[in-house]
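Order-wise, the sequence lines are chains A and B.
Letter 3 of the first sequence, counting from 1, is numbered 769 in the working numbering, and no numbers are missing.
Letter 85 of the second sequence, counting from 1, is numbered 317 in the working numbering, and no numbers are missing.
Below is one structure, written out as structure tokens, with a few remarks after it.
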Amino acid sequence: MQNYDLVVIGGGPAGMAAALKAAECGVESIVVLERAETLGGILEQCIHTGFGLHYFGEELSGPEYASRFIELFKDTNIDIKLDTMVINVEPDEGKNIITAVSKAEGLVDYCAKAVILAMGCRERPRGALNIAGTRPAGIMTAGTAQKYVNIDGYMPGKKVVILGSGDIGLIMARRMTFEGAEVKVVCELMPYSSGLQRNIVQCLEDFNIPLRLSCTVIKIHGKDHLEGVTIANVDENRRPIMETAEYIECDTLLLSVGLIPENELSRSAGLQIDNITSGPIVNQDRETEFRGIFACGNVLHVHDLVDYVTGESQIAGAGAAKYIKGLADNDPEYINTKGINGVRYIVPQRINLNGDEDVKLYFRVGQVYRKANVKVTCGDVVISNKKKPKLAPGEMENVVIKQEQYKDFDRNSEIVIEIVEG
Amino acid sequence: MKRELVCVACPLGCGITVELSDSGEVLSVTGNTCKRGEAYAHSECTNPTRSLTSTVKVTGSTLPVVPVKSAGPIPKGKLIDCAVALRDVTVKAPVKIGDVVVKDILGTGVDIVATNIAEVK
Ligand SMILES: Cc1cc2nc3c(=O)[nH]c(=O)nc-3n(C[C@H](O)[C@H](O)[C@H](O)COP(=O)(O)OP(=O)(O)OC[C@H]3O[C@@H](n4cnc5c(N)ncnc54)[C@H](O)[C@@H]3O)c2cc1C
Ligand code: SF4
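Pasting the structure below:
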């Protein structure tokens, strides 16, 4: 058994920022457990630029953004264990047990006062899709292709169709074009893209790659290797319109149909998972319902910008430090946050009204809105009502609730965010 | 003449409207949230540029490729040519972040620099 004040699970941008913040707040014994051979998480394969504009005020690539944080570890005495996979978390207030395996140390139990979950997310796999036809080679998630091309230096194919217009799919459309592939079309089931506008411009329009909305792959062709796909438009109930079916020859089909937080550990630990975010339920310190267990980054909810991951993880790191030093509030008074009328989810899901800082609520909408108001209320009190030129599912929004406002909120009420059109 | 653009200078992706004269001069820029957006609109209507990211092969390292970027913006029309040129470039480990991999790529005046380390095997 190895004893630490804080065990951080995952060494991506979330785990790194949380560990560094906790150290800065005075936590002395910290270990980061990471299953890969390097710190940095998914950023190591995101070689395009666009990271760090908010946090560093300059546009960095993924590995550059990660390296800024990796460098900071040199001046700390945080222990880092790479090639170390956590297989179980046993919550027990103040002495949680974390079990991990590694080549170097075998099976090890860690005992920790506090735990930060920072396992990130993974892509929805192909099994999650219902497409008729065979299952030949050449079908993979966009993130897998990203790893092949950017880390392993290997091009998976020459003629590409992309299903789903998530950011990773868009980025890979451009990346494969640069490496000599022909990207024939990006099909998106929904009438809008879930990717950022800038990626549609820079990754598709710049190279005349068509984006077909309300369109999906209905059949896969090829025996051992993919030879082509049939695509078709869909009606408003997302049923294919057969008259629009069209065969497209390709050797690679990339799936970019969304990300899901990687919460197997959280589930088996008994944490309550939010049905919409697929991440644990947390308060404003990113503390779960188990005291001393925190979560941040993509394991909590899927972020589009790593800058927000860093910000959120610093909150979790500071929260864990407060808990470890015995400074946390022992009698929290919680009320829930609730999204209605177009607001799909809010993080944090509950806030402690005895908190001593302003709280930023992050939320996502379920469809595209133009010139709509974001209205925040608590009981009869209107906290804010701001006009927004545009709201889109692909872009995370936030509202701030001031401490001097929420401290007097009715303990039996809830904080509601809604979209008011017109 | 009016042109509708999406600013790509940051992930906010503001919608920008540019008013152009018959000779292609920028008369007005509206819809941007910040100054960078205005600069983007001017450049997009007169001399559009993009930054380039890719990988180059590396020998003698633990990894087969190392990621690179253009140190500054490249004319949009030369983007693909520069990407094609990078497919034939091989560097030797060790590589540090910021190392110049190709100087003045295709006469654009822009260097290609490494964005990750490649340690010696
Ligand atoms: C394929 C892919 C591509 C992406 N591309 C972009 C992009 O281009 N731009 C962008 O802004 N965002 C991108 N994202 C989102 C990106 O994940 C976030 O911006 C950011 O990296 C999230 O940080 P994180 O630390 O929460 O997660 P990650 O970066 O995923 O880090 C989680 C870490 O936890 C480790 N881990 C997980 N489980 C265990 C375990 N049981 N034991 C030990 N370690 C564990 C993982 O190995 C990983 O290193 C992408 C996501 C994916 C999945
Ligand atoms: S105008 Fe400014 S805020 Fe809007 S996308 Fe461009 S850089 Fe970002």
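Backbone N, C-alpha and C define an ideal beta-carbon position, used for all residues, glycine too.
Does the distance from the CB of residue i to the CB of residue j come in under 8 Å?
| i | j | result |
| --- | --- | --- |
| V995 (chain A) | I1014 (chain A) | yes |
| I882 (chain A) | I775 (chain A) | yes |
| A884 (chain A) | S1079 (chain A) | yes |
| V334 (chain B) | K301 (chain B) | no |
| S931 (chain A) | V952 (chain A) | yes |
| Y770 (chain A) | A878 (chain A) | yes |
| C246 (chain B) | N264 (chain B) | yes |
| Y920 (chain A) | V773 (chain A) | no |
| L805 (chain A) | I846 (chain A) | yes |
| T850 (chain A) | R801 (chain A) | yes |
| V793 (chain A) | A1087 (chain A) | yes |
| L977 (chain A) | E954 (chain A) | yes |
| L1037 (chain A) | V1113 (chain A) | no |
| D1097 (chain A) | V1166 (chain A) | no |
| L1019 (chain A) | C242 (chain B) | no |
| K1152 (chain A) | V1140 (chain A) | yes |
| I975 (chain A) | H814 (chain A) | no |
| D933 (chain A) | G961 (chain A) | yes |
| I928 (chain A) | A898 (chain A) | no |
| A903 (chain A) | D990 (chain A) | yes |
| V238 (chain B) | R888 (chain A) | no |
| A1082 (chain A) | P857 (chain A) | no |
| T281 (chain B) | T262 (chain B) | no |
Confirm the yes/no value for this check: CB of residue i, any heavy atom of ligand 1, distance under 7 Å.
| i | result |
| --- | --- |
| N1096 (chain A) | no |
| L809 (chain A) | yes |
| T850 (chain A) | yes |
| N1064 (chain A) | yes |
| G818 (chain A) | no |
| E1161 (chain A) | no |
| Q768 (chain A) | no |
| H1067 (chain A) | no |
| V1182 (chain A) | no |
| I905 (chain A) | no |
| L1037 (chain A) | no |
| C969 (chain A) | no |
| P829 (chain A) | no |
| L1031 (chain A) | yes |
| R801 (chain A) | yes |
| G886 (chain A) | yes |
| P976 (chain A) | no |
| G1132 (chain A) | no |
| P280 (chain B) | no |
Check whether the Cβ of residue i sits closer than 7 Å to any heavy atom of ligand 2, and report yes or no.
| i | result |
| --- | --- |
| R941 (chain A) | no |
| A241 (chain B) | yes |
| Y821 (chain A) | no |
| G245 (chain B) | yes |
| T982 (chain A) | no |
| G269 (chain B) | yes |
| C266 (chain B) | yes |
| Y1074 (chain A) | no |
| Y272 (chain B) | yes |
I need the DSSP call for residue i, collapsed to helix, strand or coil.
| i | result |
| --- | --- |
| R801 (chain A) | coil |
| K861 (chain A) | coil |
| F835 (chain A) | helix |
| M767 (chain A) | coil |
| V1186 (chain A) | strand |
| V1065 (chain A) | helix |
| V1134 (chain A) | coil |
| L873 (chain A) | strand |
| F944 (chain A) | helix |
| R1057 (chain A) | coil |
| I337 (chain B) | helix |
| L883 (chain A) | strand |
| I966 (chain A) | helix |
So, under 8 Å CB-CB, residue i and residue j are touching, yes? Tell me the CB distance rounded to an integer number of Å.
| i | j | result |
| --- | --- | --- |
| Y831 (chain A) | V1072 (chain A) | 6 Å |
| L259 (chain B) | E251 (chain B) | 4 Å |
| F1175 (chain A) | I1059 (chain A) | That pair is no contact at about 26 Å. |
| I1181 (chain A) | C1144 (chain A) | 5 Å |
Using 7 Å as the cut-off, classify the Cβ of residue i as near or not near the heavy atoms of ligand 3, replying yes or no.
| i | result |
| --- | --- |
| Q912 (chain A) | Among the ligands in the structure shown, ligand 3 does not appear; only ligand 1 and ligand 2 can be found there. |
Exercise. Would you mind listing the beta strand (DSSP E) stretches within the stretch 989–1022 of chain A that are 3+ residues and don't spill past its ends, in chain order?
Key: The qualifying runs are 994–999, 1012–1015, 1018–1021.
Exercise. Starting from the N-terminal side, write out each stretch of the beta strand (DSSP E) that is 3 residues or longer and does not extend beyond the stretch 283–317 of chain B.
Key: 285–291, 297–302
Exercise. Identify every run of the alpha helix (DSSP H) within the stretch 908–937 of chain A, keeping only runs that are complete inside it and at least 4 residues long; order them along the chain.
Key: Annotation note: the stretch 908–937 of chain A contains the following uninterrupted alpha helix (DSSP H) runs of length 4 or greater, listed N- to C-terminal: 908–916.
Practice problem: Scan the stretch 806–853 of chain A and note each continuous alpha helix (DSSP H) run of 4 residues or more that stays entirely inside, going in chain order. | Solution: Counting only runs of at least 4 residues, the stretch 806–853 of chain A fully encloses the following alpha helix (DSSP H) elements, listed from N- to C-terminal order: 828–838.
Quiz item: Which full runs of the beta strand (DSSP E) of 3+ residues lie inside the stretch 1072–1114 of chain A, going along the chain?
Solution: 1100–1106, 1109–1113
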